[in-house]
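Read through the structure below, which is laid out as structure tokens, and then see the notes.
There are 2 protein chains.
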Amino acid sequence: MKNLTSMLDIQKADTSKIDQVDFNNLVFGQVFTDHMFECDYKNGSWQTPVIKPYGNLSMPPSARVFHYGQAVFEGMKAYKDQDDQIWLFRPEENFNRINKSSERLAIPEFPKEYFFEGLETLLKMDSAWIQKGFGNSLYIRPFVMATEAGVSASPAGEYKFMIICSPAQAYYSGEVRVKFSEKFSRAADGGVGYAKAAGNYGAQFYPTNLAKEEGFQQIVWTDASTHEYLEEAGTMNVFFRIGDKLVTAPTSDRILDGVTRKSVITLAEDHHIDVEVRRVSVQEILDAAKSGELKEMFGSGTATVINPILGFGFKGEKYELPKIEDSYAKFFKDTLMKIQYNEAEDKFGWRHQVK
Amino acid sequence: MKNLTSMLDIQKADTSKIDQVDFNNLVFGQVFTDHMFECDYKNGSWQTPVIKPYGNLSMPPSARVFHYGQAVFEGMKAYKDQDDQIWLFRPEENFNRINKSSERLAIPEFPKEYFFEGLETLLKMDSAWIQKGFGNSLYIRPFVMATEAGVSASPAGEYKFMIICSPAQAYYSGEVRVKFSEKFSRAADGGVGYAKAAGNYGAQFYPTNLAKEEGFQQIVWTDASTHEYLEEAGTMNVFFRIGDKLVTAPTSDRILDGVTRKSVITLAEDHHIDVEVRRVSVQEILDAAKSGELKEMFGSGTATVINPILGFGFKGEKYELPKIEDSYAKFFKDTLMKIQYNEAEDKFGWRHQVK
Chain A
3 MKNLTSMLDI QKADTSKIDQ VDFNNLVFGQ VFTDHMFECD YKNGSWQTPV IKPYGNLSMP
63 PSARVFHYGQ AVFEGMKAYK DQDDQIWLFR PEENFNRINK SSERLAIPEF PKEYFFEGLE
123 TLLKMDSAWI QKGFGNSLYI RPFVMATEAG VSASPAGEYK FMIICSPAQA YYSGEVRVKF
183 SEKFSRAADG GVGYAKAAGN YGAQFYPTNL AKEEGFQQIV WTDASTHEYL EEAGTMNVFF
243 RIGDKLVTAP TSDRILDGVT RKSVITLAED HHIDVEVRRV SVQEILDAAK SGELKEMFGS
303 GTATVINPIL GFGFKGEKYE LPKIEDSYAK FFKDTLMKIQ YNEAEDKFGW RHQVK
Chain B
3 MKNLTSMLDI QKADTSKIDQ VDFNNLVFGQ VFTDHMFECD YKNGSWQTPV IKPYGNLSMP
63 PSARVFHYGQ AVFEGMKAYK DQDDQIWLFR PEENFNRINK SSERLAIPEF PKEYFFEGLE
123 TLLKMDSAWI QKGFGNSLYI RPFVMATEAG VSASPAGEYK FMIICSPAQA YYSGEVRVKF
183 SEKFSRAADG GVGYAKAAGN YGAQFYPTNL AKEEGFQQIV WTDASTHEYL EEAGTMNVFF
243 RIGDKLVTAP TSDRILDGVT RKSVITLAED HHIDVEVRRV SVQEILDAAK SGELKEMFGS
303 GTATVINPIL GFGFKGEKYE LPKIEDSYAK FFKDTLMKIQ YNEAEDKFGW RHQVK
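From first to last, the protein sequence lines stand for chains A and B. All the letters of the first sequence, read from the start, carry residue numbers 3 to 357 under the numbering used here. All the letters of the second sequence, read from the start, carry residue numbers 3 to 357 under the numbering used here.
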């Protein structure tokens, strides 16, 4: 493996924008740090990675990403503990997944050493942007996109891999109620649902707008063939608590293999919470809601960590979940965050220190 | 309706690049004309449309299109007849479809007068780029993309509608054989398959690469639920000739409502060719190929017009179609192109002159 420290081309910003930022009133994903990571692919290989001042890109109007959505992304967070140490949470998972997504979108694999060296150097340069305090974090957005000029509907020969970072407080404000999808779909068998492909997200905006008009904040997608089985929400995997049992859908070629999702499953098993990974039918949840057995629903995802879902709607009926004392959602959120912020033992080796 | 001529902001290029172009050796979608059309959406409305020299865009790395594929496009062509008159083919269809695609992607509707005034002015300014001669054309690419900065997974508040133009010869060179998809899918029921959404295309590149390794140029997609019914190819709708009967799949929320497709159906009916718009099963085509009843297959699309398909593969078997004298593909291609190039009567009012 090459020594990357010397290979990384670093261009420092002359001044920092940090004093202009109100860290107590952050809108998610709006403000970016002083630097960004950029690595171009051309002539069959990834070129010298660069860290440079955050700023606009110059792109030809025929760049493939504008026309054919050949782009994938990841979502990660960096945390700062009380001793000013910087931590990532299971970053290998994100690295592996972006390459898995890239493969499905015919994008060349990105080298592991570039990813980690670039990311960690960037975090150290912009470390002042990672605010201390439980709930504060730096949201990290790695992404790859096809930059080659030309509107031929074929894979590009040129790409740009970037990492940009945005300081974040909690992702969701307010209460979340979801609609179980009856008509619209997120992914097909044999499609790109399992990838964090750009087009998977834009395709959800219109159905989600319609759901919002009915008073819901998100959609829980159902399988495209029958709409009988619950899959995932827009930016979250979804868990159901029936009695004291936790149930969630298996990952598939339609469902994203969420890092938070798999961490919840591991924590549940570790704490002797009965967890079943299997198909979850709409009917089962309706029946459980009516009988009172449905105790909780929550979403899991990097941006949101764990997001309690207060109710759901299906075919014009709305269901409210009971308020609960010993909430699983709260337990998983606290447990995960304590690990992420270096406030609890890291039994599974999930924390990764940025040194 | 406002007088747009005065509203359009026109910035002419100082010099033309046209002398640098070898019109006899064009690669599809690689070279663009001297000008481009651009109209920004912000603060809830489309701003003054601009025609300006073709050139790079300055985009924030957090622009929504890079992350969430909130983008749609169209494909059109302009033709020049022997008297130097410029023609479009059914442009209202493309205009209506881009707004239909936009609606599904939660992109604001684009005004009709902006579209036509912008497009026609652009074509007149760059008319030297439309080469005379049967088969030559100017490929027109209208597209809309979310430009707003910020990685929140929600519809953007800012968009850019553009039209760029590229001189074209025939889209396909060489022979085309297709693979019937057995595992991968293009679209889900309730998804965005009917829209010309950017993400629909990038998602096809990887399966198409695999098919290419097996010796096929394109995939004919099958329904995601069963893979029993044939839908459309990457950039074409698909027709089958069984005996003297023409068969094609109906449009749906998975299948693009192709302008060339519907023109072929109209021409077939007009020429008393028996045409059936109905589900086409893989088994039916396999049986017809084996019995010798499958006479032809061809694709239809703006870029390709009509593209004969010489053979297909399914589950490891390859089938070659017979050579045929009275080819439907040739008939439709000639008939369509003569209408497009103002060399035949325009019985259905499909031609639109740019004056």
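Just so it is clear, CB atoms sit at the ideal spot from N, CA and C, and this is done for glycine as well.
Whose CA, out of Pro169(B), Val146(B) and Ile165(B), lies closest to the CA of Ala65(B)?
Val146(B)
Name the chain A residues whose beta carbon is nearer than 8 Å to that of His69(B)?
Ala73, Phe75, Arg143, Phe145, Ala200 and Tyr203
Determine, for Leu232(A), whether the minimum Cβ-Cβ distance to residues of chain B falls below 8 Å.
no
Could you name the residues of chain B that Met38(A) contacts, counting a contact when the two beta carbons are closer than 8 Å?
Pro63
Using a Cβ-Cβ cut-off of 7 Å (strictly less than) and excluding sequence neighbours within five positions of Pro25(B), which residues of its own chain qualify?
It should be noted that the sequence gives Phe, not Pro, for residue 25(B). Excluding residues within five positions, the ones whose Cβ falls inside 7 Å are Gln133 and Pro169.
What number of angstroms, rounded off, separates the C-alpha of Thr337(B) from the C-alpha of Met38(A)?
54 Å
At the 8 Å Cβ level, is Tyr81(B) part of the contact set with chain A, yes or no?
no
Let me see if you follow: with CB-CB separation under 8 Å, is Met238(A) close to chain B or not?
no
According to DSSP, is Thr210(A) part of a helix, a strand, or is it coil?
helix
What are the boundary residues of the beta strand (DSSP E) that includes Lys247(B)?
Lys247 to Thr250
Whose C-beta lies closer than 6 Å to the C-beta of Ser18(A) among residues of the same chain, with five residues either side of it excluded?
Asp36
Find the residues of chain B that neighbour Arg106(A), judging by a C-beta separation of less than 7 Å, and give them in chain order.
Tyr208
For Arg353(A), three-class secondary structure by DSSP:
strand
Between the Cα of Ser283(A) and the Cα atoms of Glu105(A), Val249(A), Thr210(A) and Phe34(A), which residue gives the shortest distance?
Val249(A)
Identify which residue in Ala130(B), Glu95(B) and Met127(B) has its Cα closest to the Cα of Lys114(B).
Glu95(B)
Under a Cβ-count criterion, where at least 16 other Cβ atoms within 10 Å of its own Cβ denotes burial, should Met3(B) be classed as buried or exposed?
Caution is warranted here: a pLDDT of 38 is assigned to Met3(B), below 50, making its placement in the model unreliable, and no coordinate value can be reported.
Phe136(A) versus Lys335(A) - alpha carbon distance:
11 Å
Within the same chain, show all residues whose beta-carbon is closer than 7 Å to that of Asp21(A), passing over the 5 residues directly before and after it, in chain order.
none
Excluding the 5 residues preceding and the 5 following Tyr231(A) in the sequence, name in chain order all residues of the same chain whose CB lies nearer than 8 Å to its CB.
Thr224, Asp225, Ala251, Arg281, Val282, Ser283 and Val284
From Glu184(B) to Arg256(A), what distance separates their C-alpha atoms?
16 Å
Quick check on Ala148(A): does DSSP put it in helix, strand or coil?
strand
Spell out a yes or no on whether the region 151-162 of chain B and the region 77-96 of chain B are touching, meaning 3 or more CB-CB pairs, one atom from each, closer than 8 Å.
no
Suppose contacts are defined by Cβ-Cβ distances below 8 Å. Is Gln87(A) in contact with Gln355(A) by that definition?
yes
Counting beta carbon pairs with one atom in the region 288-299 of chain A and one in the region 195-211 of chain A, are three or more of them shorter than 8 Å?
no
Between which residues of its own chain and Asn344(B) is the CB-CB distance below 7 Å, once the five residues before and five after are set aside?
Asp83, Gln87, Trp89 and Arg353
Output yes if chain A places a C-beta closer than 8 Å to the C-beta of Asn5(B); else output no.
Residue placement at Asn5(B) is flagged as unreliable, the pLDDT there being 48, under the threshold of 50; the coordinate-derived value follows with that caveat. No, because no Cβ of chain A sits closer than 8 Å to the Cβ of Asn5(B).
Chain B within 8 Å of Gln32(A), Cβ atoms only
yes
Can you pull the chain A neighbours of Gln226(B), defined as C-beta to C-beta under 8 Å?
Looking at the sequence itself, residue 226(B) is Ala, so the reference to Gln does not match. Those within 8 Å of Ala226(B) in chain A are Ala190, Asp191, Gly192, Gly193, Ala226 and Ser227.
On the DSSP bridge assignment, give the partners of Phe241(B) in chain order.
Thr250(B) and Phe300(B)
Check whether chain B comes within 8 Å of Lys357(A), counting only Cβ atoms and requiring the distance to be less than that.
no
Tell me the DSSP secondary structure of Leu140(B) in three-state form.
strand
Please classify Phe91(A): is it buried, with 16 or more other beta-carbons within 10 angstroms of its beta-carbon, or exposed?
buried
Cβ separation of Leu323(B) and Glu177(B), assumed to be a contact under 8 Å, to the nearest whole Å:
About 11 Å separates the two Cβ atoms, so there is no contact after all.
For Lys44(B), which residues does DSSP report across the bridge?
Ser47(B)
Among the residues of its own chain, which have a CB less than 7 Å from the CB of Asn5(A), if the five just before and after it don't count?
Only weak support is given to the placement of Asn5(A): the predicted model assigns it a pLDDT of 48, under 50, and the question is left unresolved by the model.
Establish whether the CB of Gly152(B) and some CB of chain A are separated by less than 8 Å.
yes
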